[in-house]
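Colleague: Structure in structure tokens, see below.
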Amino acid sequence: MPKRILIPTDFSINSLNILKEFLQKDESDEQYDVVLSCGYYLSESITDLLFFSKHKILRSLNTDAFMDAISILRNKYAHSLHTVNVDLFTGSVQSSFDDYLEGNKIETIVFGADRKFTKTVKRSFDLSSFVQKAKVNKIMLTYKLREDRAIATDDLTVIFNTAGSFS
Amino acid sequence: MTILSKLNLKTKAILTIFVSTIAITSLFGVFIYLSLRNFVYDDFFKTLKIRTNVIAKANIDGAYNDTSFVAGYQSVIEEVSEKLIHERDYILELSKLDAKNEKRIADSVGVPVSFLTIIRQNKEANYKKGQYLYKGILYTFQQKNYIVIASAESHFNQKLISHLQRISFIAILVAVAIGILSAYYISKTIFKPISQVTGMAKRISSENLHLRLDDTHYSQELKELVRTFNDMLSRIETSFETQNNFISNASHELRTPLTSIMGTADVTLSRIRTPEEYIETLQVILHETEKLDNKTKALLFLAQTGFNGKSQKFERMRIDQLIWDCIDTIEKLNPEGKVNFDTSLLPENSTRLKIIGNEQLLHLAFTNIISNACKYSDNQVVTVSIGSSDRKVVIVVKDQGIGIPKQELGYIYDPFFRASNTKNYDGYGIGLPLARNIVKLHSGKILVTAEENEGTTVIIELPLAVMEN
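Have a look at this one:
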């Protein structure tokens with residue numbers, strides 16, 4: 011039975027480095043179902059809610075480079091990465107986040123100590139304040155995300171070289 | 002035939018259109034004329050038949066009826082029915098006709114004897130002599146048989162022909178007009194673009210092989226042609242650059258050890274030296290010669306592409322193996338260069354590393370890119386990373402060298418272009434255009450990002466071989 015873990019993301023390739031770091035450090039034979047989740051404020055407009063489609067929003071958020079980066083990681087960690095899904099959290103209070111975790115059967119949240127959230131779309135928001143108070147198992151990685159210069163969210167090179175000699 | 006083959010395609014096409022429009026129009030005219038003539042004759046014979054009936058009624062039945070009966074039919078002949086030109090009517094009593102006078106009577110009417118025979122057999126007959134049409138029927142009244150013949154000149158025929166002549170003249174005029182229009186259209190849409198393409202193609206010579214034809218505003222077929230032509234240019238350019246690349250590499254890589262050998266020998270020979278010194282000198286020379294040998298081998302290996310006479314085969318190969326080979330070659334060519342192959346994202350499944358490609362060409366491309374990275378970063382560590390998604394392999398070559406000025410990034414693929422900050426480095430500006438052409442031949446993508454004095458990153462994406470499972 012794969013373990014389900016949640017990783018907050020902002021749909022930048024840089025945020026996938028948390029997943030990479032986690033899998034690199036992981037020495038167990040565990041398999042993981044990874045949910046990459048991002049906060050998303052729902053619109054107040056009734057028509058927007060009526061035609062709300064999570065898939066449509068996810069499609070607009072996912073760049074090709076982001077999907078490529080995910081599949082690069084999936085190919086690299088084929089033995090331990092069972093599935094990688096991208097999801098939106100559309101709630102606004104802590105209890106709905108707890109419900110969201112329960113509903114998705116999340117056992118562990120993995121997040122970086124050094125958080126840097128880029129708003130890729132207007133309505134997205136950082137999940138870290140909810141993550142702090144969540145009652146599930148949490149793993150904080152003391153891993154420094156690269157921020158030497160402004161990195162485009164779809165710069166595929168970001169996923170390479172991070173553990174390398176220079177950053 | 003010889004004249005036809007000398008004409009160019011444009012004239013041929015226009016002539017064909019001309020001739021065929023006029024031929025079709027004339028054929029149409031002839032067909033219409035014939036069918037119309039038949040129709041008109043049928044119609045005229047019908048009129049004559051009605052006339053024979055009326056005449057029979059008025060003259061044969063009339064003999065036994067009162068004058069008002071006859072007057073009624075006479076008025077039909079004179080007032081109601083059509084006026085016929087040179088009308089002549091005959092009533093012959095069949096019983097008075099015999100073999101002896103038949104010929105004479107027929108002559109006086111102006112018909113052959115067979116006409117009368119057919120009337121007797123079929124009860125009616127048509128006959129046509131010049132402009133005159135004859136219609137004869139067998140009419141029976143009070144057990145007596147009569148042959149009634151009506152004849153008249155067909156005025157339709159003359160009118161019809163002159164009318165048809167007029168119409169076909171107009172039709173041919175219209176056909177010529179249509180022919181001119183379509184010839185104009187054809188020359189505009191087909192032949193003009195072709196001559197444009199020819200003009201563009203003429204401008205491309207060995208000096209500006211990197212130029213490509215523009216295929217945006219052409220029809221589908223021409224686009225295909227232009228694209229094929231462009232592909233061919235890419236291949237030619239690649240092989241051209243391969244040769245140039247070899248020459249530039251050879252002159253650059255071989256000169257250094259040769260200079261060193263010559264210098265050492267020269268200095269040693271300047272005066273008499275001790276045996277130890279000679280030994281040392283010879284060792285230096287041996288060492289340099291070994292280096293030279295290695296370099297020559299590596300260069301010859303690179304140069305084999307396009308020179309070995311074999312066709313360039315595209316086959317299934319592993320990209321990581323290729324990169325290891327490239328790094329090996331670079332270490333031979335430039336022992337000071339440090340290349341770090343980052344395999345931290347190497348996929349577990351080796352099928353994700355298989356691409357369809359030409360090993361020698363790709364070897365050349367990667368060697369160029371990686372050795373450029375070494376050269377322009379003064380032998381600082383160059384990182385080559387590899388990763389593969391479900392569709393493609395991504396190879397990132399990253400250095401910490403001099404980079405490329407932002408405003409010059411647009412020109413880096415032009416052959417012989419060298420960025421303004423490369424004055425201190427040998428080179429001819431061939432490697433990157435060559436690499437890009439090779440990657441393009443493999444339907445891949447190459448992307449260069451750079452910061453001046455910070456480093457250059459080259460991202461190469463190559464499509465994976467289609468998986469068979």
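For the protein sequence lines, the chains are F and A, in the order given.
Under the numbering used here, think of the first position of the first sequence as 11, with each following residue one higher.
Under the numbering used here, think of the first position of the second sequence as 2, with each following residue one higher.
Each residue gets a CB set at the ideal place from its N, CA and C atoms; glycine is no exception.
Does any residue of chain A have a CB that is nearer than 7 Å to the CB of asparagine 95 of chain F?
Modeller: Mapped onto the first sequence, residue 95 of chain F falls at position 85. Output row for asparagine 95 of chain F: interface = no.
Colleague: With the cut-off set at 7 Å, would you say leucine 323 of chain A and leucine 362 of chain A are in Cβ contact?
Modeller: As a working note, residue 323 of chain A is residue 322 in the second sequence. As a working note, residue 362 of chain A is residue 361 in the second sequence. Here leucine 323 of chain A is not near leucine 362 of chain A, since their CB atoms are 7 Å or more apart.
Colleague: Answer yes if the region 219 to 236 of chain A comes into contact with the region 394 to 402 of chain A, meaning at least three C-beta pairs across the two stretches below 8 Å, and no otherwise.
Modeller: No, the region 394 to 402 of chain A is not in contact with the region 219 to 236 of chain A.
Colleague: Give the DSSP-derived three-state secondary structure of aspartate 99 of chain A in the structure shown.
Modeller: Taking the second sequence and counting its residues from 1, the one referred to as residue 99 of chain A is at position 98. Three-state result, aspartate 99 of chain A: coil.
Colleague: Buried or exposed: glycine 445 of chain A, going by 16 or more other Cβ atoms within 10 Å of its Cβ?
Modeller: Here residue 445 of chain A refers to the residue found at position 444 of the second sequence. Its Cβ being crowded by 16 or more others within 10 Å, glycine 445 of chain A is buried.
Colleague: Find the nearest neighbour of asparagine 127 of chain A within the set A:Ile273, A:Phe46 and A:Asp294, judged by alpha-carbon distance.
Modeller: Sequence index remark: in the second sequence, residue 127 of chain A carries index 126 (1-based). That would be A:Phe46, whose Cα lies nearest to the Cα of asparagine 127 of chain A.
Colleague: Would tyrosine 51 of chain F and leucine 98 of chain F be called neighbours here (beta carbons separated by less than 7 Å)?
Modeller: Numbered from 1 along the first sequence, position 41 holds the residue referred to as residue 51 of chain F. Numbered from 1 along the first sequence, position 88 holds the residue referred to as residue 98 of chain F. No, the Cβ-Cβ distance between tyrosine 51 of chain F and leucine 98 of chain F is not below 7 Å.
Colleague: Indicate the three-state DSSP secondary structure (helix, strand or coil) for proline 276 of chain A in the structure shown.
Modeller: As a working note, residue 276 of chain A is residue 275 in the second sequence. The answer is helix: DSSP assigns proline 276 of chain A an H, G or I state.
Colleague: Under 8 Å, CB to CB, which of the residues in the region 336 to 353 of chain A have a partner in chain F?
Modeller: Asn341, Asp343, Ser345, Leu346, Leu347, Pro348, Glu349, Asn350 and Arg353
Colleague: Which class does phenylalanine 308 of chain A belong to by DSSP, given the choice of helix, strand or coil?
Modeller: As a working mapping, residue 308 of chain A is identified with position 307 in the second sequence. In this prediction, phenylalanine 308 of chain A has a pLDDT of 49, which is less than 50 and means its spatial position is unreliable; nothing more can be read from the coordinates.
Colleague: When you compare each of A:Val31, A:Lys50 and A:Ala184 to glutamate 83 of chain A by their alpha carbons, which one comes out closest?
Modeller: Within the second sequence, numbered from 1, the residue matching residue 83 of chain A stands at position 82. The shortest C-alpha separation from glutamate 83 of chain A is found at A:Lys50.
Colleague: For alanine 299 of chain A, which beta-bridge partners are listed by DSSP?
Modeller: On the second sequence, residue 299 of chain A is found 298 positions in, with the first residue counted as 1. According to DSSP, alanine 299 of chain A bridges with nothing at all.
Colleague: Would you kindly check if the distance between the Cβ of leucine 151 of chain F and the Cβ of glutamate 40 of chain F is under 7 Å?
Modeller: Numbered from 1 along the first sequence, position 30 holds the residue referred to as residue 40 of chain F. Numbered from 1 along the first sequence, position 141 holds the residue referred to as residue 151 of chain F. Going by C-beta atoms, glutamate 40 of chain F is not nearer than 7 Å to leucine 151 of chain F.
Colleague: At the 7 Å Cβ level, is isoleucine 28 of chain F part of the contact set with chain A, yes or no?
Modeller: In the first sequence, residue 28 of chain F corresponds to position 18, counting from 1. No - not a single Cβ of chain A is within 7 Å of the one on isoleucine 28 of chain F.
Colleague: Can you pull the chain A residues whose beta carbon is under 8 Å from the beta carbon of phenylalanine 140 of chain F, in chain order?
Modeller: The residue given as residue 140 of chain F occupies position 130 in the first sequence. Simply none; closest approach about 30 Å.
Colleague: Note down, in chain order, every chain A residue with its Cβ under 8 Å from the Cβ of lysine 86 of chain F.
Modeller: Working through the first sequence from its first residue, we reach residue 86 of chain F at position 76. In chain order: Ser345, Leu346, Leu347, Pro348, Glu349 and Gly388.
Colleague: Proline 276 of chain A to glutamate 254 of chain A, Cα distance in whole Å?
Modeller: In the second sequence, residue 276 of chain A corresponds to position 275, counting from 1. In the second sequence, residue 254 of chain A corresponds to position 253, counting from 1. When rounded, the distance between both Cα atoms is 31 Å.
Colleague: Exposed or buried, proline 18 of chain F, counting other C-beta atoms within 10 Å across all chains shown (16 or more means buried)?
Modeller: Walking along the first sequence from the start, residue 18 of chain F turns up at place 8. When all chains shown are included, proline 18 of chain F counts as buried.
Colleague: Under 8 Å between beta-carbons, which chain A residues line up against aspartate 78 of chain F? List them in chain order, please.
Modeller: Along the first sequence, read from residue 1 onward, the residue named residue 78 of chain F stands at position 68. Listed along the chain, the chain A residues whose CB falls inside 8 Å of the CB of aspartate 78 of chain F are Ser390, Arg392, Lys393 and Val395.
Colleague: Using alpha carbons as the reference points, say which of A:Leu234, A:Glu409 and A:Glu316 lies closest to valine 467 of chain A.
Modeller: To locate residue 467 of chain A, count along the second sequence from 1; it is residue 466. For the residues A:Leu234, A:Glu409 and A:Glu316, the minimum Cα distance to valine 467 of chain A belongs to A:Glu316.
Colleague: Since lysine 145 of chain A is in the beta strand (DSSP E), which residue starts that stretch and which ends it?
Modeller: Start at 1 with the first residue of the second sequence, and residue 145 of chain A comes out as number 144. Counting along the chain, the beta strand (DSSP E) containing lysine 145 of chain A begins and ends at 145 to 154.
Colleague: Per DSSP, glutamate 452 of chain A is paired with what?
Modeller: Taking the first residue of the second sequence as 1, we reach residue 452 of chain A at position 451. Bridge partners of glutamate 452 of chain A: A:Gly456.
Colleague: Count the C-beta pairs between the region 397 to 412 of chain A and the region 195 to 209 of chain A that are closer than 8 Å, then say yes if the count reaches three, no if not.
Modeller: no
Colleague: Ignore the nearest five residues each way along the sequence and tell me which others in tyrosine 429 of chain A's own chain have a CB closer than 6 Å to its CB.
Modeller: One-based indexing of the second sequence puts residue 429 of chain A at position 428. Answer for tyrosine 429 of chain A: Ser249, listed in chain order.
Colleague: Could you please give the first and the last residue of the uninterrupted beta strand (DSSP E) stretch that includes methionine 318 of chain A?
Modeller: Here the question's residue 318 of chain A lines up with position 317 in the second sequence. Looking at the DSSP string, the run of the beta strand (DSSP E) that includes methionine 318 of chain A is 316 to 319.
Colleague: Compile a chain-ordered list of the residues in the region 370 to 383 of chain A whose CB is closer than 7 Å to at least one CB of chain F.
Modeller: Listed by position, the residues of the region 370 to 383 of chain A near chain F (Cβ gap below 7 Å) are Val382.
Colleague: Return the chain-ordered list of same chain residues with a C-beta closer than 6 Å to the C-beta of isoleucine 15 of chain F, the five sequence neighbours on each side being excluded.
Modeller: Within the first sequence, residue 15 of chain F is the residue found at index 5, counting from 1. The answer, listed in chain order, is Tyr42, Val44, Thr118 and Val120.
Colleague: Name the DSSP beta bridge partners of proline 336 of chain A, please?
Modeller: The count along the second sequence starts at 1 and reaches residue 336 of chain A at position 335. Looking at the DSSP output, proline 336 of chain A sits in no beta bridge, so it has no partner there.
Colleague: DSSP state of leucine 463 of chain A, grouped into three classes?
Modeller: Residue numbering aside, residue 463 of chain A sits at position 462 when the second sequence is read from its first letter. Three-state DSSP puts leucine 463 of chain A in a strand.
Colleague: Looking at chain F, is there any beta carbon in it that lies within less than 7 Å of the beta carbon of threonine 458 of chain A?
Modeller: Locating residue 458 of chain A in the second sequence gives position 457, where the first residue counts as 1. Judged by the 7 Å Cβ criterion, threonine 458 of chain A is in contact with chain F.
Colleague: Quick check: the Cα distance between leucine 463 of chain A and alanine 436 of chain A, rounded to an integer number of angstroms?
Modeller: Numbered from 1 along the second sequence, position 462 holds the residue referred to as residue 463 of chain A. Numbered from 1 along the second sequence, position 435 holds the residue referred to as residue 436 of chain A. Taking the straight line from one Cα to the other gives about 12 Å.
Colleague: Considering only residues of the same chain and omitting the five flanking positions on each side of leucine 46 of chain F, which have a CB-CB separation below 6 Å?
Modeller: Position 36 of the first sequence, counted from the start, is the residue given in the question as residue 46 of chain F. Same-chain partners within the cutoff: Ile17, Thr19 and Val96.
Colleague: Are any of the Cβ atoms in chain A nearer than 7 Å to that of threonine 167 of chain F?
Modeller: Mapped onto the first sequence, residue 167 of chain F falls at position 157. So, interface residue.
Colleague: Answer yes or no: do tyrosine 42 of chain A and leucine 165 of chain A have a C-beta to C-beta separation smaller than 7 Å?
Modeller: To locate residue 42 of chain A, count along the second sequence from 1; it is residue 41. To locate residue 165 of chain A, count along the second sequence from 1; it is residue 164. Contact flag unset, no.
Colleague: Under the three-state reduction of DSSP, which class applies to phenylalanine 21 of chain F: helix, strand or coil?
Modeller: The residue labelled residue 21 of chain F in the question sits at position 11 within the first sequence. It is coil, neither helix nor strand.
Colleague: Pop quiz: leucine 433 of chain A and lysine 86 of chain F are said to be a contact at Cβ under 8 Å. What is the actual Cβ separation, rounded to whole angstroms?
Modeller: Against the second sequence, residue 433 of chain A aligns to sequence position 432. Against the first sequence, residue 86 of chain F aligns to sequence position 76. Between lysine 86 of chain F and leucine 433 of chain A the Cβ distance is about 29 Å, and since that is not below 8 Å, they are no contact.
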